[in-house]
Amino acid sequence: MKYLIFDTETTGLHSQDEVIQFSGLILDNNLKLKRGYNWYCDTQHEINKDAAAVHGITKKMLHDLSGGKVFEDHWFTMLNGIDMTEGITFIGWNVDFDKRLINQTLNNNGLDEFDFGRKVTTLRNSPDVYSFDLMKAVANLMVGRDRLKLEQASKMISMDEATLKKRYSRLASKFTNVAEKDFHNALYDTYVTYEIFSEFAMKFMY
43 MKYLIFDTET TGLHSQDEVI QFSGLILDNN LKLKRGYNWY CDTQHEINKD AAAVHGITKK
103 MLHDLSGGKV FEDHWFTMLN GIDMTEGITF IGWNVDFDKR LINQTLNNNG LDEFDFGRKV
163 TTLRNSPDVY SFDLMKAVAN LMVGRDRLKL EQASKMISMD EATLKKRYSR LASKFTNVAE
223 KDFHNALYDT YVTYEIFSEF AMKFMY
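Counting in the working numbering, the sequence shown runs from 43 upward without gaps.
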């Protein structure tokens with residue numbers, strides 16, 4: 043079983059909005075970090091002003107960071123490079139949102155939706171495809187509800203904020219196209235999700 047922890051930033055929240063940043067971290071069956079991805083995607087879709095206020099990405103920044111490449115230029119290259127024969131679980135913080143925006147982006151460009159597999163509430167070790175919402179799992183475990191902000195959850199792990207950001211900086215240095223921002227930068231949010239997952243994963247094993 044592999045795990046792909048991922049996050050996106052988007053042009054907005056609505057039914058025609060698209061992904062403009064994707065970040066992902068591949069973990070092996072022992073939860074060891076094996077590979078990372080971070081890319082920006084150009085789009086013809088306008089960036090909603092409310093979304094821009096959150097992630098800080100403008101159209102000009104997007105064009106420069108993406109090099110003019112669009113989402114599918116990267117997406118299929120990434121998938122082709124991942125061996126899924128032993129199974130894979132797609133993990134995100136509020137993962138249904140990111141899955142929806144990825145498939146909207148594909149649909150908007152005349153492409154078929156991607157099958158993120160069966161939604162599960164516990165982690166399985168079988169050669170199949172699953173999706174797992176870490177937000178709901180941790181929120182239910184810690185506070186007895188199904189929603190929790192990533193920034194709040196980051197304070198629950200046994201690592202202080204300074205160490206978290208120092209370790210993130212080491213990861214971010216491996217990429218050449220990272221905008222300077224912490225929360226609501228897809229790479230930072232993916233990294234924080236990874237640290238939360240690493241701490242709590244054993245509580246969710248099937």
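By construction, the Cβ of each residue, glycine as well, lies at the ideal position given by its N, Cα and C atoms.
Predicted, not measured: the structure shown is a model, and the values here were computed from it.
Inset, instruction - Please work out which residues of its chain come closer than 7 angstroms, Cβ to Cβ, to Lys111, disregarding the five sequence neighbours upstream and downstream, and give them in chain order. - result: As a working note, residue 111 is residue 69 in the sequence shown. The beta carbon of Lys111 sits closer than 7 angstroms to the beta carbons of Cys83, Asp84 from its chain, once the five residues preceding and following it are set aside; these are given in chain order.
Inset, instruction - State yes or no: is the C-beta of Asn150 within less than 8 angstroms of the C-beta of Glu60? - result: The residue given as residue 150 occupies position 108 in the sequence shown. The residue given as residue 60 occupies position 18 in the sequence shown. Between Asn150 and Glu60, the C-beta gap is smaller than 8 angstroms, which places the two residues in contact.
Legend entry - Span of the beta strand (DSSP E), counted from its first residue to its last, around Lys208: The residue you call residue 208 lines up with position 166 of the sequence shown. Careful: Lys208 lies outside any beta strand (DSSP E), inside the alpha helix (DSSP H) at 203–214.
Legend entry - Secondary structure, alpha helix (DSSP H): runs of 4+ residues fully inside the segment 54–131: The DSSP assignment places 91–97, 101–108, 113–122 as complete runs of the alpha helix (DSSP H) inside the segment 54–131, in order along the chain (cut-off: 4 residues).
Inset, instruction - Just tell me which of Leu143, Ala228, Asp125, Glu193 has its CA closest to the CA of Pro169. - result: As a working mapping, residue 169 is identified with position 127 in the sequence shown. Nearest to Pro169 by alpha-carbon distance, out of Leu143, Ala228, Asp125, Glu193, is Asp125.
Legend entry - Residue(s) in a DSSP beta bridge with Ser173: As a position in the sequence shown, residue 173 is number 131, starting the count at 1. By DSSP's assignment, Ser173 forms a beta bridge with Phe132, Lys161.
Legend entry - Of the listed residues Leu229, Asp175, Met177, Phe132, nearest to Arg209 (C-alpha basis): Within the sequence shown, the letter at position 167 stands for residue 209. Just measuring C-alpha positions, the residue of Leu229, Asp175, Met177, Phe132 sitting nearest Arg209 is Leu229.
Inset, instruction - Within 10 angstroms of the Cβ of Asn167, are there 16 or more other Cβ atoms? Answer buried if so, exposed if not. - result: Walking along the sequence shown from the start, residue 167 turns up at place 125. Counting every other CB atom within 10 Å of its CB across the protein chains shown gives Asn167 a total below 16, marking it as exposed.
Legend entry - Euclidean distance between Cα positions of Thr232 and Ser215: By 1-based counting over the sequence shown, the position of residue 232 is 190. By 1-based counting over the sequence shown, the position of residue 215 is 173. Here the alpha carbon of Thr232 sits roughly 15 angstroms from the alpha carbon of Ser215.
Inset, instruction - With Asp188 as the anchor, note down where its alpha helix (DSSP H) starts and where it stops. - result: Position 146 of the sequence shown, counted from the start, is the residue given in the question as residue 188. Taken as a continuous stretch (DSSP letters only), Asp188 belongs to no alpha helix (DSSP H), as it is neither H nor E.
Inset, instruction - Answer with buried or exposed for Ser65, where buried requires no fewer than 16 other C-beta atoms within 10 angstroms of its C-beta. - result: Here residue 65 is taken as the residue at index 23 of the sequence shown, counted from 1. With 16 or more other Cβ atoms within 10 Å, it is buried.
Legend entry - Close beta carbons around Lys141, own chain, < 6 angstroms, minus the five adjacent residues each side: For the purposes of this step, residue 141 is taken as the residue at position 99 of the sequence shown. Within the same chain, Lys141 has close Cβ partners Phe158.
Legend entry - 8 angstroms CB neighbourhood of Glu128 in its chain, flanking five on each side removed: Residue numbering aside, residue 128 sits at position 86 when the sequence shown is read from its first letter. Here the set comprises Met43, Lys44, Asn71, Pro169.
Inset, instruction - Could you name the residues of the same chain whose beta carbon sits closer than 6 angstroms to that of Glu88, not counting the 5 residues immediately before and after it, in chain order? - result: If you number the sequence shown from 1, residue 88 lands on position 46. Here Glu88 has no same chain residue with a Cβ atom under 6 angstroms from its own Cβ, once five neighbours each way along the sequence are excluded.
Inset, instruction - Identify the continuous alpha helix (DSSP H) that holds Asp231 and give its terminal residues. - result: Here residue 231 refers to the residue found at position 189 when the sequence shown is read from its first residue. Looking at the DSSP string, the run of the alpha helix (DSSP H) that includes Asp231 is 228–242.
Inset, instruction - Counting only the same chain and skipping the five closest in sequence on each side, list residues whose C-beta sits under 6 angstroms from that of Leu107. - result: Working through the sequence shown from its first residue, we reach residue 107 at position 65. Tyr82, Asn219, listed in sequence order.
Legend entry - Supposed contact pair Leu148 and Phe139 - C-beta distance, whole angstroms, cut 8 angstroms: If you number the sequence shown from 1, residue 139 lands on position 97. If you number the sequence shown from 1, residue 148 lands on position 106. Contact flag wrong, Cβ pair sits at about 15 angstroms.
Inset, instruction - May I have the straight-line CA-CA distance separating Val180 from Lys245, to the nearest angstrom? - result: Position 138 of the sequence shown holds residue 180. Position 203 of the sequence shown holds residue 245. For Val180 and Lys245, the distance between alpha carbons rounds to 9 angstroms.
Inset, instruction - Please classify Lys245: does DSSP put it in a helix, a strand, or coil? - result: By one-based count along the sequence shown, residue 245 stands at place 203. Lys245: helix per DSSP, three-state reduction.
Inset, instruction - List the DSSP bridge partners of Thr147. - result: What you label residue 147 is simply residue 105 of the sequence shown in a count that begins at 1. Answer is none; Thr147 lacks a bridge partner.
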